[in-house]
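Quick mapping for you: the protein sequence lines, in order, are chains A and B.
FYI, the numbering for the first sequence is 24 to 264, going by my numbering.
FYI, the numbering for the second sequence is 24 to 264, going by my numbering.
Here the structure comes first, spelled out in C-alpha cells, and everything after it is commentary.
Protein chains: 2
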Amino acid sequence: MTEAKPDNYVTTDNVRPTAVVLISGGLDSATTLAIARKEGFACHGLTFDYHQRHRIEIKAAKRVAQQLGVSSHQFVEINLRMFGGSALTDRIEVPKDRDASQMSREIPVTYVPARNTIFFSYALGLSEVIGASNIFIGVNAVDYSGYPDCRPEYIQAFEKMANLATKVGVEGQRLTIHAPLIDMTKTEIIRHGLEMGVDYSLTHSCYDPTRDGNSCGRCDACLLRIRAFESLGMRDPVLPH
Amino acid sequence: MTEAKPDNYVTTDNVRPTAVVLISGGLDSATTLAIARKEGFACHGLTFDYHQRHRIEIKAAKRVAQQLGVSSHQFVEINLRMFGGSALTDRIEVPKDRDASQMSREIPVTYVPARNTIFFSYALGLSEVIGASNIFIGVNAVDYSGYPDCRPEYIQAFEKMANLATKVGVEGQRLTIHAPLIDMTKTEIIRHGLEMGVDYSLTHSCYDPTRDGNSCGRCDACLLRIRAFESLGMRDPVLPH
Numbered sequence: 024m025t026e027a028k029p030d031n032y033v034t035t036d037n038v039r040p041t042a043v044v045l046i047s048g049g050l051d052s053a054t055t056l057a058i059a060r061k062e063g064f065a066c067h068g069l070t071f072d073y074h075q076r077h078r079i080e081i082k083a084a085k086r087v088a089q090q091l092g093v094s095s096h097q098f099v100e101i102n103l104r105m106f107g108g109s110a111l112t113d114r115i116e117v118p119k120d121r122d123a124s125q126m127s128r129e130i131p132v133t134y135v136p137a138r139n140t141i142f143f144s145y146a147l148g149l150s151e152v153i154g155a156s157n158i159f160i161g162v163n164a165v166d167y168s169g170y171p172d173c174r175p176e177y178i179q180a181f182e183k184m185a186n187l188a189t190k191v192g193v194e195g196q197r198l199t200i201h202a203p204l205i206d207m208t209k210t211e212i213i214r215h216g217l218e219m220g221v222d223y224s225l226t227h228s229c230y231d232p233t234r235d236g237n238s239c240g241r242c243d244a245c246l247l248r249i250r251a252f253e254s255l256g257m258r259d260p261v262l263p264h
Numbered sequence: 024m025t026e027a028k029p030d031n032y033v034t035t036d037n038v039r040p041t042a043v044v045l046i047s048g049g050l051d052s053a054t055t056l057a058i059a060r061k062e063g064f065a066c067h068g069l070t071f072d073y074h075q076r077h078r079i080e081i082k083a084a085k086r087v088a089q090q091l092g093v094s095s096h097q098f099v100e101i102n103l104r105m106f107g108g109s110a111l112t113d114r115i116e117v118p119k120d121r122d123a124s125q126m127s128r129e130i131p132v133t134y135v136p137a138r139n140t141i142f143f144s145y146a147l148g149l150s151e152v153i154g155a156s157n158i159f160i161g162v163n164a165v166d167y168s169g170y171p172d173c174r175p176e177y178i179q180a181f182e183k184m185a186n187l188a189t190k191v192g193v194e195g196q197r198l199t200i201h202a203p204l205i206d207m208t209k210t211e212i213i214r215h216g217l218e219m220g221v222d223y224s225l226t227h228s229c230y231d232p233t234r235d236g237n238s239c240g241r242c243d244a245c246l247l248r249i250r251a252f253e254s255l256g257m258r259d260p261v262l263p264h
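Laid out in C-alpha cells, this is it:
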C-alpha cells in the first residue's frame with residue numbers, strides 16, 4: 024500500500040479493472056475490500072474523517088487497507104458535525120443492549136443524515152478523476168438497523184443518478200456500484216471474509232469506544248458482530264479480554 | 024440575515040415552507056434565491072468553499088444572501104482540489120474567448136467532477152436536519168456549457184435517489200428539488216431577476232478573476248452573462264470600467 028498522492032492515481036497496472044472502495048475500518052468494508060481484490064480489481068481506497076465520535080475507525084481503515092492491499096488510499100476530511108442530528112457526530116446518547124427486533128424497528132439515532140450519499144458523491148468524483156468504472160461499498164440491508172441509505176433501491180437509484188451526473192456516464196462508459204454484502208447476514212459476511220483471509224482483529228465497528236479504543240460491547244454495531252461471531256462458535260477478536 | 028449557528032436552524036417562522044438554497048454567489052443562484060423568496064419559502068442558504076480558484080465567489084454569496092434575505096446561511100468548507108481534474112480547482116488553463124457553439128459542444132475543463140452531486144448531498148443532509156422538504160439550485164440546461172450535472176434528467180434522478188436516501192423519504196414526507204432556471208436562457212434569467220429586484224452588481228461569475236477580484240470578461244462564465252446583458256441593452260454591472 025502507498026499513501027495516496029494525486030500523482031499515483033495513474034497506476035502502471037493497466038490489466039486489471041479499477042475500483043474505488045469505501046473503507047470505513049469496520050467489518051463490512053474490510054470484507055468488501057477483500058471481495059473486490061478477489062474479483063481482480065485494482066482497488067483505490069477512500070476513507071472519511073467526518074469528525075465521528077469513534078475516530079479510531081480511521082486507524083482501523085489504514086490497517087485493513089494495509090493487510091488486504093490497495094493501489095492508493097485517500098483520506099478525506101469532511102465535517103458532518105455541523106449538521107448535528109446523529110449520535111455518531113452529536114452529543115446524543117448511543118443506545119445500548121438492544122435486541123435485534125429493537126434494532127430493525129426504527130431509524131436509530133446513530134443514523135447520520137445523508138452520510139452514505141455524501142460518501143458516494145466523493146467516491147463518484149474520485150472514480151471520475153482516476154478513470155474507475157466501479158465503486159464498492161459495504162452496506163447491507165439485512166442487519167442494517169433501519170438506515171434508509173443501506174437499502175438496495177437506494178443503491179440502484181444512486182447508480183442511475185451517477186450515470187447521469189458525470190462525464191463518464193455522458194461519454195458512454197458505465198459506472199457500476201457494487202454492494203456485494205447487501206443480501207448477506209452478518210454471519211455470512213464474517214464466514215465469507217474468514218475464507219478470504221480477512222483479519223477481523225484489525226477492524227473497528229463500535230459506535231462508542233472507550234478512551235483507549237476498546238469496543239463497548241453493547242452498542243448495536245458491537246452486538247451485531249458479537250452475535251454473528253458467536254453463531255460461528257467464535258469470539259469477536261476485537262473484544263477486550 | 025443572521026450568520027448560521029446550529030441553534031438558529033429552528034426558526035420561529037412556522038407559517039412558511041422551508042427550503043435549503045444553494046448560493047454560489049453567481050448570477051444564477053442569486054436569481055434562484057429571489058424566486059424561492061418570492062414563492063414564499065423561508066430560505067436557508069448553503070455555500071461551499073471548495074478551494075476554488077475564484078474564492079471571491081464566497082464573498083459574493085454573502086452579499087447576495089444579505090440583499091435578498093435568508094433565515095440562516097451555512098458555509099461549508101470542502102476540499103475538491105485533492106481530486107484535481109478541473110480548471111476551477113487545478114492548475115489547468117481556463118479557456119477564453121469561446122463562442123456559444125464551442126461552449127455547448129463538449130464538457131469543458133471547468134467541469135468539476137461530481138461537484139453538483141457533492142453539493143446536493145450536503146444540501147440533503149442539511150434539509151433533513153432542519154426539516155426542510157425543498158432544495159433550490161440554480162442550474163440551467165440551456166447555457167450549461169456541457170456540464171452533465173446540469174441536465175433535467177440528472178436533477179430528476181437525484182430527487183428520486185434523495186427520497187430513498189433519507190429518513191424524510193422513508194417516513195413519507197416528500198423532498199422536492201427545485202431547479203427553476205433549468206429551461207431559461209441567461210437573458211430570461213437576468214430579465215426575471217431584475218423584475219424581482221436582484222442586484223447583479225453583487226454577484227460574481229468569473230472563472231478566472233484578477234487578483235483584485237475583477238472579472239476577466241473572457242471566460243465562458245463572463246461571456247455568457249455579458250452577452251445576455253447586451254441582449255437586454257445593458258452592460259454587465261460587474262465589468263470593470
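Every residue gets a Cβ at the ideal spot worked out from N, C-alpha and C, and that includes glycine.
Kindly indicate which three-state DSSP category aspartate 72 of chain A falls into: helix, strand or coil?
strand
Taking C-alpha atoms, which residue in B:Gly63, B:Ala83, B:Ile58 and B:Thr55 lies nearest to proline 232 of chain B?
B:Ala83
Nearest CA to the CA of glycine 49 of chain A: which residue from A:Ala42, A:His227, A:Pro263 and A:Ala244?
A:His227
Which whole-angstrom value describes the C-beta separation of phenylalanine 71 of chain B and phenylalanine 142 of chain B, a residue pair presumed to lie in contact below a C-beta threshold of 8 Å?
6 Å
So for aspartate 30 of chain A, helix, strand or coil by DSSP?
In this prediction, aspartate 30 of chain A has a pLDDT of 34, which is less than 50 and means its spatial position is unreliable; what the coordinates show is noted afterwards. It is helical.
At a Cβ threshold of 8 Å, is serine 144 of chain B touching chain A?
yes
Does any CB atom of chain B fall closer than 8 Å to the CB of histidine 264 of chain A?
no
Under 8 Å from the C-beta of tyrosine 177 of chain A: neighbouring residues of chain B:
Met184, Leu187 and Ala188
Closest Cα partner of phenylalanine 98 of chain B within the set B:Tyr73, B:Asp122, B:Leu91 and B:Gly92:
B:Tyr73
Where does serine 238 of chain A fall in DSSP's three states?
coil
Going by the beta-carbon positions, is the gap between leucine 204 of chain A and threonine 55 of chain A smaller than 8 Å?
yes
Using a Cβ-Cβ cut-off of less than 8 Å, list which residues of the region 46–72 of chain A approach chain B; keep chain order.
none
Other residues of its chain near serine 224 of chain B: CB distance less than 7 Å, five sequence neighbours each side excluded:
Pro260 and Val261
Alpha carbon of serine 150 of chain B to alpha carbon of serine 156 of chain B, nearest angstrom:
7 Å
Which residue's Cα is closest to the Cα of leucine 69 of chain B: B:Glu176, B:Asn139, B:Tyr177 and B:Lys183?
B:Asn139
is_contact[leucine 247 of chain A, chain B] using C-beta, thresh 8 Å:
no
Taking Cβ positions, are valine 87 of chain A and isoleucine 58 of chain A nearer each other than 8 Å?
no
Measuring only the C-alpha atoms, how far is serine 52 of chain B from arginine 78 of chain B?
16 Å
Going along chain B in order, which residues have a C-beta closer than 9 Å to the C-beta of aspartate 172 of chain A?
Leu187, Ala188 and Thr189
Under 7 Å by beta carbon: chain A residues contacting leucine 147 of chain B
Ala137 and Thr140
Kindly list the residues whose CB is nearer than 7 Å to the CB of threonine 34 of chain A, restricted to its own chain and excluding five residues on each side of it in sequence; keep chain order.
With a pLDDT of only 45 at threonine 34 of chain A, under 50, the local geometry of the prediction cannot be trusted, and no value is derived from it.
Between phenylalanine 181 of chain A and tyrosine 170 of chain B, what straight-line distance do the alpha-carbon atoms span, to the nearest angstrom?
19 Å
DSSP three-state label for glutamate 100 of chain A, please.
strand
Could you say which of B:Pro40, B:Glu80, B:Ile178 and B:Leu247 lies nearest to glycine 63 of chain B if we only look at CA atoms?
B:Pro40
Taking isoleucine 81 of chain B as the query, report the chain A residues whose CB atoms sit under 7 Å from its CB, ordered along the chain.
Within 7 Å Cβ-Cβ: nothing; isoleucine 81 of chain B doesn't reach chain A, min ~16 Å.
So, for threonine 199 of chain B: in the same chain, excluding its five sequence neighbours on each side, which residues have a beta-carbon less than 6 Å away from its beta-carbon?
Asn157
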